[in-house]
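So for the sequence shown, this note's numbering puts the first residue at 83; every next one is plus one.
C-beta: ideal position from N, C-alpha, C; glycine also.
Treat the numbers as computed from the prediction; the structure is a model and nothing was measured.
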Amino acid sequence: MISAARWLSGVAVGAVVLVVMLAFIARGGWSVFGVVALLLAVWGARRVEARTPLTAIVLLGALVRVAWIVAVPTEPGSDFAAYHAFAVRAVEGQLNERLYAPLVLHQVGYPQFLSGAYLVFGAAPAVGRWLNVALAMWLIAAVFRLGTRLSGRRAGVFAALAIALWPDHVAYSSLLASELLFTPLVWVGLERALTKRSGRALGAGLLIGAAIAVRSPGVLALLVALGLLVALRRYRAALALVVGASLALGGSLALRRLTGDTFARGSLAYSALMGSNAATQGAWNQHDYEAYLRNRFVAGARVADDEAWALVRLRWAEAGVTELVLGKVARQWGQGDSGVRFALRNALKAPGEAMAALAQAWLVGVVTLAWWALWRVRPVVRWGLAPLTLAWLAHLVLEANPRYALPWLVGAALVAACGWRTLSAWRPSSPASPR
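Listed below in structure tokens is the structure:
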């Protein structure tokens with residue numbers, strides 16, 4: 083049983099988090115709609131049954147995404163257009179340095195994956211969208227298994243439903259975004275890493291290594307998985323994990339070299355630079371992008387990184403890092419420069435505003451419950467998933483666009499599910515049922 087004092091302290095902490103986040107993200111009448119949706123979701127989540135079949139949850143998630151793709155036919159733009167163009171040129175046999183030049187500051191694992199899909203199914207954006215549905219089904223199943231392993235089947239069902247109905251993730255189904263591939267690679271890899279069998283750990287390493295080739299912050303998942311295996315004294319599995327990740331990264335590098343890539347990829351210095359401009363409140367800015375790219379080509383990647391870090395330190399000293407971070411949170415999440423709003427930035431009418439409010443409600447509910455749960459769940463959850471959920475906050479500090487942090491919110495959903503299982507099992511004592 084949970085003592086009344088601990089329960090009240092958890093509720094108090096959660097309430098503070100809730101109020102702070104709402105102060106940042108509340109916007110007009112639609113924010114009220116989001117809060118109402120959140121309260122309805124909490125009421126419904128109390129009735130989540132452990133016997134709910136995984137197949138039903140996976141199909142629900144697939145149907146919601148198919149409906150979104152049909153209702154919101156989004157053509158590739160921005161980075162997504164560059165990924166699509168890369169894949170088309172690769173299918174046409176244009177394998178040389180010029181193929182990679184437009185993506186000099188991007189990891190290329192996703193456009194390579196997209197080019198393989200285009201080669202098999204045809205070079206059309208619709209292929210990427212339907213693959214997004216399949217990747218989402220894979221993710222939902224992995225989250226269910228991981229939640230069940232961490233805290234029982236009820237937690238697994240809750241976590242799977244939270245991902246199946248996650249508004250931001252649903253909205254991204256219509257985009258050719260690397261996050262849609264990165265997310266299942268990371269979380270399926272982590273699920274398979276928690277094993278005593280070296281074969282499964284090798285497979286986990288291959289998946290996480292592939293995730294790093296898609297987005298370099300996947301290194302964090304590798305470090306967390308390795309630390310957990312060492313803490314559990316599963317040394318053979320830890321070795322197999324490292325071997326698998328090395329093979330995947332080596333294969334990705336070899337493929338890049340064979341197809342003409344000679345560029346060093348983007349760096350943490352670039353991410354920090356793009357997110358540290360106080361004049362734009364930490365938003366993406368064209369001037370920093372052009373200056374950094376020009377510096378790399380003229381003086382080299384190392385010189386560009388050194389100068390970028392020097393400028394970041396100067397900006398943080400002048401603007402004040404706390405003020406900058408709070409401004410970034412308020413601007414990026416409050417004004418919706420991510421998630422549903424990002425997917426609908428050219429069509430933000432009433433339906434889009436409603437979806438954005440739902441996404442904000444999902445964020446507030448899951449993060450608040452995860453914060454409460456961190457102090458009450460098993461140590462493997464605290465020390466394994468907590469660093470991954472904290473990566474979400476790190477992105478808000480370092481990145482110019484918080485959409486890069488979306489994959490880590492799966493960790494928050496898992497922690498919340500473990501906490502929800504504890505909370506839903508608690509009942510106030512009564513004279514008829516003493517503790």
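Annotated as distal: Pro489 and Val306, with beta-carbon spacing of 8 Å or more.
Going by C-alpha positions, Arg316 is about 6 Å away from Lys278.
Ala499 and Ile290 have their C-alpha atoms roughly 23 Å apart. In summary, Asn178 is exposed, with fewer than 16 beta-carbon neighbours lying within 10 Å of its beta-carbon over all protein chains present. As the crow flies, the alpha-carbon of Gly348 is around 10 Å from that of Val190.
For Thr277, there is no enclosing alpha helix (DSSP H), as DSSP marks it with neither H nor E.
Distances from the CA of Leu272 to each of Arg376, Pro299, Leu323, His188 were compared; the closest alpha carbon is that of Leu323. If only uninterrupted alpha helix (DSSP H) runs of at least 4 residues are considered, those enclosed by the segment 194-267 are 207-233, 235-246, 249-253. When DSSP states are grouped into helix, strand and coil, Phe345 belongs to the coil group. Sequence-distant Cβ neighbours of Val394 in its own chain, meaning closer than 8 Å and more than five residues away, are Ala351, Ala354, Leu355, Ser358. In the three-state reduction of the DSSP assignment, Thr156 falls in the coil class, being assigned neither a helical nor a strand state. Here the C-alpha atom of Val225 lies approximately 11 Å from the C-alpha atom of Thr265.
Our two residues, Pro158 and Arg339, have alpha carbons roughly 27 Å apart in a direct line.
In the structure shown, Arg180 adopts helical secondary structure according to DSSP, grouped into three states.
Taking every protein chain shown into account, the CB of Thr230 has 16 or more other CB atoms within 10 angstroms, so this residue is buried. When DSSP states are grouped into helix, strand and coil, Gly382 belongs to the coil group. Taken through DSSP and simplified to helix, strand or coil, Ser328 comes out as helix. If you draw a straight line from the Cα of Ala253 to the Cα of Tyr200, it comes to about 22 Å.
Shown here, Glu174 sits in coil according to DSSP, grouped into three states, outside any helix or strand. Taking a contact as a CB-CB distance under 8 Å, the pair Leu308 and Gly364 does not count as one, their CB atoms being some 32 Å apart.
Boundaries cannot be given for Ala365, as no alpha helix (DSSP H) includes it and DSSP labels it neither H nor E.
Beta-carbon to beta-carbon, Leu496 and Leu232 are separated by about 7 Å, close enough to satisfy the 8 Å threshold.
It is roughly 43 Å from the alpha-carbon of Leu288 to the alpha-carbon of Glu400. Exclusion of the five residues before and after Arg211 leaves Ile151, Ser255, Ser256 as the residues of its chain whose Cβ lies within less than 7 Å of its Cβ. Between the segment 290-304 and the segment 240-250, the count of C-beta pairs closer than 8 Å stays below three; the two stretches do not touch. Distance between Ala275 and Asp387, taken at the CA atoms: about 34 Å. If you draw a straight line from the Cα of Phe345 to the Cα of Leu302, it is about 23 Å long. Considering only Ala455, Val422, Leu440, the residue with the shortest C-alpha distance to Pro484 is Val422. Counted as a single uninterrupted DSSP element, the alpha helix (DSSP H) harbouring Arg423 occupies residues 421-425. When the five nearest sequence neighbours on each side are left out, the beta carbons in the same chain lying within less than 6 Å of the beta carbon of Arg378 are those of Ala386, in order along the chain.
The DSSP-derived three-state label of Pro484 is helix. Secondary structure note for Val306: its alpha helix (DSSP H) is the uninterrupted segment 300-313.
Bounds of the alpha helix (DSSP H) holding Ser353 are 350-356.
In this structure, Phe162 sits away from Ala295, with a CB-CB distance that is not shorter than 8 Å. Between Arg147 and Ala218, the C-beta spacing is below 8 Å. A straight line joining the alpha-carbon of Ala223 with that of Arg133 spans about 15 Å.
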